[in-house]
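Student:
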Amino acid sequence: MKRLLTASILYLSLAGAAFAQVAVTDPWVRATVASQKTSGAFMTLTAPRDTRLVAVSSPVAGVAEIHEMAMRDNVMRMRAIDALALPAGKAIKLEPGGYHVMLMQLKGPLKAGDTVPLELVFEGADKARETMQVQAPVRALTSGHGSMKH
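Using the working numbering, the letters of the sequence shown map in sequence onto residues 5 to 154.
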């Protein structure tokens, strides 16, 4: 019985560790111009198990939302979404013109070379949530990563 309990605890802790290790690669935030109150954050997310990105926050913004851009009736539309599905093992790109994080009500300008702290909240199939801290460098608008206007 003790061996079964120990094995169960080990399994649960390993399952939690795998869930918590969503890989975040190439995070970055678009620099702003004077008086601009919005920007976008971009990155690639790869989860080892089916997971969802359910929330984002940053101390540099009053509001942070997960957004999608999609063509509807020949018009590019942007909208906030409740969550972004991260299928197991599939890299999901957050990029200009697609899924991204909107940073709104910015508390100040974002200059190339700055770093923006982001807090990402992931939810597993079991509804358990994990939080990850990410440091995203700010890149100039001319960095070759495309542009987004809001």
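In this text, a Cβ means the ideal position worked out from N, Cα and C, and glycines have one as well. Bear in mind that the values here come from a model prediction, so they are computed numbers and not experimental data.
From the DSSP output, in three-state form, read off Q40 for me.
Tutor: It is coil, neither helix nor strand.
Student: Less than 7 Å between the C-beta atoms of V120 and A59, yes or no?
Tutor: Not closer than 7 Å, so no.
Student: Near S61, which residues of its chain fall below 7 Å by C-beta distance, leaving aside the five closest residues on each side in sequence?
Tutor: For S61, where only same-chain residues beyond five positions count, the Cβ hits under 7 Å are A68, E123.
Student: Roughly how many whole angstroms lie between the Cα atoms of M75 and L88?
Tutor: In a straight line, the C-alpha of M75 is about 18 Å away from that of L88.
Student: Can you name the start and end residues of the beta strand (DSSP E) that D97 belongs to?
Tutor: As written in the sequence, residue 97 is Lys, which differs from the Asp given in the question. From DSSP, the beta strand (DSSP E) with K97 extends over 95-98.
Student: Under 8 Å Cβ to Cβ from V28, same chain only, skipping five residues before and after it: list those, please.
Tutor: Around V28: M47, T48, L49, L124, M136, V138.
Student: Relative to the C-alpha of L57, which candidate in G66, S43, A92 has its C-alpha closest?
Tutor: The candidate whose alpha carbon is nearest that of L57 is A92.
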